[in-house]
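In my numbering, the protein residues as written are 27 to 144. Think of the CB as a built atom: it goes at the ideal place given N, C-alpha and C, for glycine as much as any other residue. Please read these numbers as outputs of a predicted model, since none were measured by experiment. A quick write-up on the structure given underneath.
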């Protein structure tokens, strides 16, 4: 059974708060306490069935990063930067870096979780 929309929104809000806290404190997501908290959110998404293929709401690595990019206006910022042939703002670049870190870790955990039984 897929996760509820409310569960997904709550998880995304918690994830967003964690990322903003890490960004504000200038500490990397890849080390504790952020790594552990991020993994806890990943485990919650997996337990709720949100990592399955073709499930809505999508809590896979692609799904959570797309949702956060939407919340932060990163697609519009990238399109505007491209159209104006100008650099993106440091805030948007910083947020993209956060999402790249999340994407990488979430994908690694997904791969490991799927291979656990092997």
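Rounded to whole angstroms, the gap between the alpha carbons of residue 30 and residue 109 is 37 Å.
Taking C-beta separations shorter than 7 Å and ignoring five residues to either side along the sequence, the partners of residue 37 in its chain run 67, 70, 71 and 85, following chain order. Comparing alpha-carbon positions, the option among 80, 45, 98 and 33 lying closest to residue 63 turns out to be 45. Here residue 47 is not near residue 97, since their CB atoms are 8 Å or more apart. Taking the CA atoms as reference points, residue 82 sits about 26 Å from residue 123.
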